[in-house]
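Okay, structure first, notes after.
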Amino acid sequence: MSNEILAHLPYKSSFLFVDNIIAIDADGVTGDYTLKPDAFFYEDHFVGNPVTPGVIVTEIMAQIGLVVLGIYLMTTGNHEDQIAMDGGAFPLLTSTEVSFFKMVLPGEKVIVTSKKQYFRFGKLKCSIEMHNTSSEVIAKGIFSGIIKNVAIKNKAE
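Here's what the structure looks like:
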């Protein structure tokens, strides 16, 4: 199931921030991502001392903690708004509230854990935390979003 979910994420390689789904069930997901030292956003973000922008940290948390879990929930179980795995998932982030505690540097591996607060009528709300490999909290917050079933056109790597 994990590989099927990864294959259906609606992002190209330069904006895909999920490497692995470590664990997933109806209550939450844990996944990881290693930030590429040559990623496009490091070139101009604190020249000479690159740091991962907060918006990218937030995006990593949303992709693993909300989109991956949302696709899982929408493709398993018995929901009136269930989507087929051969369809496309289009995530609509509706709100975020994130606190940041540590910087993320180029090449660093992060682990994201999401716990479902509720899932109703295609709307998902989760508490999400990001840790480094030393188990230190990097960021945590509450995310909400809707996963729509749409056809994905031209999803070329």
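In my numbering, each number is its position in the sequence shown, counted from 1, plus 61.
In this text, a Cβ means the ideal position worked out from N, Cα and C, and glycines have one as well.
Being a predicted model, the structure only gives us computed values, none of them experimental.
Residue i in three-state terms, based on DSSP
{"i": "A217", "result": "Confidence is the limiting factor: at A217 the pLDDT is only 48, short of 50, which leaves the residue's position unreliable, though a coordinate-based value still follows. Coil, per DSSP."}
{"i": "E65", "result": "helix"}
{"i": "L77", "result": "coil"}
{"i": "G202", "result": "strand"}
{"i": "T136", "result": "helix"}
{"i": "E190", "result": "strand"}
{"i": "H106", "result": "coil"}
{"i": "E158", "result": "strand"}
{"i": "A84", "result": "strand"}
{"i": "I125", "result": "helix"}
{"i": "T113", "result": "coil"}
{"i": "E120", "result": "helix"}
{"i": "L130", "result": "helix"}
{"i": "S195", "result": "coil"}
Residue range of the unbroken beta strand (DSSP E) whose run includes residue i
{"i": "Y72", "result": "Neither: Y72 is in no beta strand (DSSP E) and is coded neither H nor E."}
Residues that residue i bridges to, as DSSP identifies them
{"i": "Y94", "result": "V171"}
{"i": "Y179", "result": "K186"}
{"i": "P152", "result": "I208"}
{"i": "G89", "result": "D86 and K176"}
For residue j and residue i, believed in contact at Cβ under 8 Å, the rounded distance
{"i": "I172", "j": "T91", "result": "7 Å"}
{"i": "I208", "j": "P152", "result": "6 Å"}
{"i": "K184", "j": "D88", "result": "Contact flag wrong, Cβ pair sits at about 16 Å."}
{"i": "G206", "j": "T155", "result": "5 Å"}
{"i": "L70", "j": "V128", "result": "7 Å"}
{"i": "F204", "j": "G126", "result": "6 Å"}
At least three beta-carbon pairs within less than 8 Å, the stretch 72-80 to the stretch 162-169: No, because fewer than three Cβ pairs between the stretch 72-80 and the stretch 162-169 fall closer than 8 Å, the two stretches do not touch.
Validate contact between the stretch 117-124 and the stretch 197-209 using beta carbons, cut 8 Å, 3 pairs: With a cut-off of 8 Å on Cβ pairs, the stretch 117-124 is in contact with the stretch 197-209, counting three or more such pairs.
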